[in-house]
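Below: one structure, written as C-alpha cells.
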Amino acid sequence: MERPVIEKKQSSSFEWMKVSFYFTYVLLLTTGSITLIEALSTSSAAVRHIMNLETCISIIAGYFYSQFTAMLTTGKVDYAAINTMRYTDWFITTPLMLLVIMMSFSYNNTKHASVHVGTYMAAVLFNFGMLYSGYLGDTKKITKNTGCAIGFVFFALLFTLLYFQFIKGSSHSFNFLLFGIYFVVWSMYGIVYLLDDETKNTMYNILDLIAKCLVGIGLWLYFTKIIVA
Numbered sequence: 016m017e018r019p020v021i022e023k024k025q026s027s028s029f030e031w032m033k034v035s036f037y038f039t040y041v042l043l044l045t046t047g048s049i050t051l052i053e054a055l056s057t058s059s060a061a062v063r064h065i066m067n068l069e070t071c072i073s074i075i076a077g078y079f080y081s082q083f084t085a086m087l088t089t090g091k092v093d094y095a096a097i098n099t100m101r102y103t104d105w106f107i108t109t110p111l112m113l114l115v116i117m118m119s120f121s122y123n124n125t126k127h128a129s130v131h132v133g134t135y136m137a138a139v140l141f142n143f144g145m146l147y148s149g150y151l152g153d154t155k156k157i158t159k160n161t162g163c164a165i166g167f168v169f170f171a172l173l174f175t176l177l178y179f180q181f182i183k184g185s186s187h188s189f190n191f192l193l194f195g196i197y198f199v200v201w202s203m204y205g206i207v208y209l210l211d212d213e214t215k216n217t218m219y220n221i222l223d224l225i226a227k228c229l230v231g232i233g234l235w236l237y238f239t240k241i242i243v244a
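Numbering (the working numbering), first residue to last: 16 to 244.
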C-alpha cells in the first residue's frame, strides 16, 4: 500500500502547521541551551541530573524536528513518515520526561532526587502501553477509536501511579502544579490523536512545545529560584 503523501499547499491551516514546526524546533534548541548551561554551572547534584535529562530531551526532540522541517522544504509532506518519526521520538523522550518529573517530585518531597526502580519501570511500561496502542491505531492495525480508548486506560494507570507515589500527601504546591500540567497536556495528545493530519500535527507541535520546552524552562526557573512556588 502506498504511503499517504500530500502535495504541499498554501492554505492558511498548512501555513500554521509549518510555523508550528519551525517555532517548536527553534524553542527546543533554546531550551536545550539553557538547561545545558545550568547543568554545567549548578552546584546541586540533583538539579544537575534533572537539567542534564532536560538537555537530552531537547537534543533528541530537536533532531526529529530538524527532520520534520527538512521535509517541509520538499514539494510533498509525508504524514505517515512524520507519524512514524513522532512515535520514535516519543518512545525515546517520554521515559526521560517521566524520570524528570519523578525526580522533581522526589526532590521536593525528600530533598533527594531518587526514584525507586520498580516505580519507574511500572511508569515506563504504562507509558509504552499508551504509546503502542496509539501507534497501532495510526498504522490501522486497530481502529483509532480503539487505540485511543486503550491508550487512555494506560494513561489513567500511569497518572494514578504518579499521584499515589508522589503527589498524595505532598506539601509542595509546585508538585501539584507540575502534575496538573502534565495531566492536562498529556491527555490532550489523546484527544488530538483523533483529528485530521494537518490539524493533528499543528496541535502535536504545540503540545510538544509545552511539554518539552515550556516545562523544561519552567523547571530551570524553579530550581534556580528565579521563580518560587
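Glycine included, each C-beta is placed from N, C-alpha and C at the ideal position.
Every value quoted in this text rests on a predicted model; they were computed, and no experiment measured them.
- Ser81 and Thr108 have their C-alpha atoms roughly 16 Å apart.
- The C-alpha of Ala95 lies about 39 Å from the C-alpha of Phe238.
- Taken through DSSP and simplified to helix, strand or coil, Val115 comes out as helix.
- For Met66, same chain residues with a beta-carbon under 6 Å away, outside a window of 5 residues either side, are Thr50, Glu53 and Ala54 in chain order.
- Sequence-distant partners of Ala128 (beyond 5 residues in either direction) whose C-beta falls short of 7 Å from its own C-beta, in its chain, are Ala61, His64, Ile65, Met118, Ser121 and Tyr122.
- For Val92, the enclosing beta strand (DSSP E) has its first and last residue at Lys91 to Asp93.
- With respect to Phe79, Met112 sits apart: the two C-beta atoms are not nearer than 8 Å.
- In the DSSP assignment, Cys163 falls within the alpha helix (DSSP H) that extends over Lys159 to Leu177.
- For Phe181, no alpha helix (DSSP H) run applies, since DSSP gives it neither H nor E.
- Between Asn220 and Thr39, the C-beta spacing is below 8 Å.
- Burial check for Gly231: the Cβ neighbour count within 10 Å reaches 16 or more, so the residue is buried.
- At the C-beta level, Gly133 and Phe167 stay beyond 8 Å of one another.
- By the criterion of a C-beta distance shorter than 6 Å, Gly162 is surrounded in its chain by Ser148, Gly149, Leu151 and Gly152, once the five residues flanking it on both sides are discounted.
- Put simply, of Met32, Ile72 and Asn190 the residue whose alpha carbon is nearest the alpha carbon of Thr125 is Asn190.
- Its chain contains Thr134 as the residues whose beta carbon lies nearer than 6 Å to that of Gln180, once the 5 sequence neighbours on both sides are disregarded; these appear in chain order.
- Between Phe36 and Thr84, the gap from beta carbon to beta carbon is short of 8 Å.
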